[in-house]
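Trainee: I am attaching a structure below and will ask some questions about it afterwards.
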Amino acid sequence: MRNLAIDAERLWGEIMETAAIGGTRKGGICRLTLTDLDRQVRDWFKARAEQLGCTVTVDDMGAMFARRPGAADVPPIAFGSHLDTQPTGGKFDGVLGVLAALEALRTLHEAGYETYAPIEVVNWTNEEGSRFAPAMVASGVFAKILDKDWAQSRQDSEGMTFAAALDAIGYRGPERCGEHPLSAFFELHIEQGPILEAEGRDIGIVTGVQAMRWYEVTMTGQDAHTGATPMHRRKNALLGAARMIEAIDAAGRAHPPGVATVGRIENRPNSPNVVPGEVFFMIDLRHPDGDALDAMEGIIRAALPRVCEPLGLTFAEQRIWDQPAVRFDPACVAAVRHAAETSGYSARDIISGAGHDAAYVSRVAPAAMVFVPCLGGISHNEAEFSSKEQCAKGAQVLLQAVLDYDRQLAERGGAPQGAR
Ligand code: GLV
Ligand code: MN
Ligand code: MN
1 MRNLAIDAER LWGEIMETAA IGGTRKGGIC RLTLTDLDRQ VRDWFKARAE QLGCTVTVDD
61 MGAMFARRPG AADVPPIAFG SHLDTQPTGG KFDGVLGVLA ALEALRTLHE AGYETYAPIE
121 VVNWTNEEGS RFAPAMVASG VFAKILDKDW AQSRQDSEGM TFAAALDAIG YRGPERCGEH
181 PLSAFFELHI EQGPILEAEG RDIGIVTGVQ AMRWYEVTMT GQDAHTGATP MHRRKNALLG
241 AARMIEAIDA AGRAHPPGVA TVGRIENRPN SPNVVPGEVF FMIDLRHPDG DALDAMEGII
301 RAALPRVCEP LGLTFAEQRI WDQPAVRFDP ACVAAVRHAA ETSGYSARDI ISGAGHDAAY
361 VSRVAPAAMV FVPCLGGISH NEAEFSSKEQ CAKGAQVLLQ AVLDYDRQLA ERGGAPQGAR
């Protein structure tokens, strides 16, 4: 195989160029899914892909596929990630995976390299789950795990549905989500944790993703005057939420390496002189082992009535998302390992703590991921940073892994791994 080298400067330049779309004063990005800023970066992506001769298709969940033809009429090998960000997101989460794939595709284009399978760069919609919960809805519908009608009816905090937001930016495409077979999917991402940096490794060979669940909880008490309502007469929903947040944190600590978080909370009516009568919050639970996650869930479900009853509160709790632990495809993982080795980079196996589109896609196509270190393991933060060299190494491994997989696919005549 010819050793094609991606262009580190060009990749870095595009990361910085797109970072201006929704760029924040603190150097991060606020580009929530399906906003006008998301439309702008999607338009940018489409234009760049078309300059490389790609055909760009969009499905009815807004997922974008930029295709470079191959020699054979087989499903494409895809790579990519997401271009939406958290409200105080950084420049790399998701963006690196899409732009590195675009750079890899450009490298193939300029070299006139003909792959066996078509190659596609994917931009998945709403990976972050910040504006519309849960996360990774487009890849979840793509993998037929999430119901499309349910996903499209999810509302943001202003009551706008996902479907209406898709239409508002003109990105509800004609293709039916999930009717787009892939030969394989590879995703490059920053680690979002501290392990690679601490060990001085260039590359994480991601073998799986930990299990995760999200819950919506509403606690209801009674709005009351803060000055005139004695302490013993109150039904303070925020006090109940505070006690639950302690219990949820304790559930995570009791099950290492499990993690348990309340990251979103709405206090109502949120007025200084009203005892809060209602609180809505979301719980995010993660653990590599599903049984341990069950135990964490059990602690939290037992705590809810114990906290609410003495405070005179009622509660409603619903699990809205349940993603089991994922093990990536051995042949795809091997392609990443081989790519890291032949590139001369130091690497280690790693389980992802964050959720990724590749986890859902792995239910319907062989998939794997590549991680690169990020400064201090910090992510979902405007200060998130990976260097030009770190990004370039990841992009190089991504390209080599895809080419290695393409070569294997050609040897099998396009048949899936293990098929006769
Ligand atoms: C996605 O960013 C997640 O891990 O929640
Ligand atoms: Mn991400
Ligand atoms: Mn993220």
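According to the numbering used here, the stretch in the sequence shown is residues 1 to 420, in order.
Just so you know, even glycine gets a beta-carbon here, dropped at the ideal spot from N, CA and C.
Computed from a predicted structure; not experimentally measured.
Hey, would you say the C-beta of residue 94 is under 7 Å away from at least one heavy atom of ligand 2?
Mentor: Yes, Cβ of residue 94 sits closer than 7 Å to a heavy atom of ligand 2.
Trainee: Restricting to Cα atoms, I'd like to know which of 401, 91, 416, 412 is closest to residue 104.
Mentor: Checked all of 401, 91, 416, 412; the closest Cα to residue 104 is 401.
Trainee: Buried or exposed for residue 136, please, with buried defined as at least 16 other CB atoms from any protein chain shown within 10 angstroms of its CB.
Mentor: By the 10 Å Cβ count, residue 136 comes out buried.
Trainee: Leaving aside the five residues before and after residue 413 along the sequence, list all residues of the same chain whose C-beta is less than 6 Å from its C-beta, in chain order.
Mentor: Closer than 6 Å at the Cβ level, and outside the excluded window around residue 413, lies no residue.
Trainee: With a CB to CB cut of under 6 Å and the five nearest residues on each side skipped, what residues in its chain are close to residue 101?
Mentor: Closer than 6 Å at the Cβ level, and outside the excluded window around residue 101, lie 79, 80, 121.
Trainee: Taking its Cβ as the centre, do 16 or more other Cβ atoms sit within 10 Å of residue 48, making it buried, or is it exposed?
Mentor: Classification of residue 48: buried, given that the 10 Å Cβ count is 16 or more.
Trainee: In this structure, does DSSP put residue 301 in helix, strand or coil?
Mentor: Reduced to three states, the DSSP call for residue 301 is helix.
Trainee: Looking at residue 187 and ligand 3, is the gap between the Cβ and the nearest heavy atom below 7 Å?
Mentor: No, the Cβ of residue 187 stays beyond 7 Å of every heavy atom of ligand 3.
Trainee: From which residue to which residue does the alpha helix (DSSP H) around residue 196 run?
Mentor: Here the alpha helix (DSSP H) through residue 196 covers 195-199.
Trainee: Does the beta-carbon distance from residue 82 to residue 150 come in below 8 Å?
Mentor: Result no, Cβ atoms of residue 82 and residue 150 do not sit closer than 8 Å.
Trainee: Use the C-beta contact count for residue 192: other C-beta atoms within 10 angstroms, 16 or more gives buried, fewer gives exposed.
Mentor: Result: buried.
Trainee: Indicate whether the contact test is met: 3 or more Cβ pairs, each with one atom in the region 263-275 and one in the region 218-227, closer than 8 Å.
Mentor: Contact holds: three or more Cβ-Cβ distances are below 8 Å.
Trainee: When the Cβ atoms of the region 211-218 are set against those of the region 388-407, are three or more pairs found closer than 8 Å?
Mentor: No, the region 211-218 does not touch the region 388-407.
Trainee: Can the beta-carbon of residue 248 be found closer than 8 Å to that of residue 134?
Mentor: Result no, Cβ atoms of residue 248 and residue 134 do not sit closer than 8 Å.
Trainee: How far does the alpha helix (DSSP H) with residue 380 in it reach, from first residue to last?
Mentor: That residue, residue 380, is in no alpha helix (DSSP H); it is neither H nor E in DSSP.
Trainee: Quick one: what does DSSP say residue 171 is sitting in, helix, strand or coil?
Mentor: Reduced to three states, the DSSP call for residue 171 is coil.
Trainee: With 16 other CB atoms within 10 Å as the buried threshold, where does residue 55 fall?
Mentor: Result: exposed.
Trainee: Are residue 371 and residue 203 close, meaning C-beta to C-beta below 8 Å?
Mentor: Contact: yes.
Trainee: Is the CB-CB distance between residue 288 and residue 210 below 8 Å?
Mentor: In contact: residue 288 and residue 210 (Cβ atoms closer than 8 Å).
Trainee: So, is residue 130 buried or exposed, given that buried needs 16 or more other C-beta atoms within 10 angstroms?
Mentor: Residue 130 should be labelled buried.
Trainee: Take residue 27 and list the residues in its own chain whose beta-carbon comes closer than 6 Å to its own, dropping the five residues that flank it on each side.
Mentor: Closer than 6 Å at the Cβ level, and outside the excluded window around residue 27, lie 382.
Trainee: With H, G and I counted as helix, E and B as strand and the rest as coil, what does DSSP make of residue 77?
Mentor: Note: residue 77 maps to strand in three-state DSSP.
Trainee: According to DSSP, is residue 127 helix, strand or coil?
Mentor: Here residue 127 sits in coil by DSSP.
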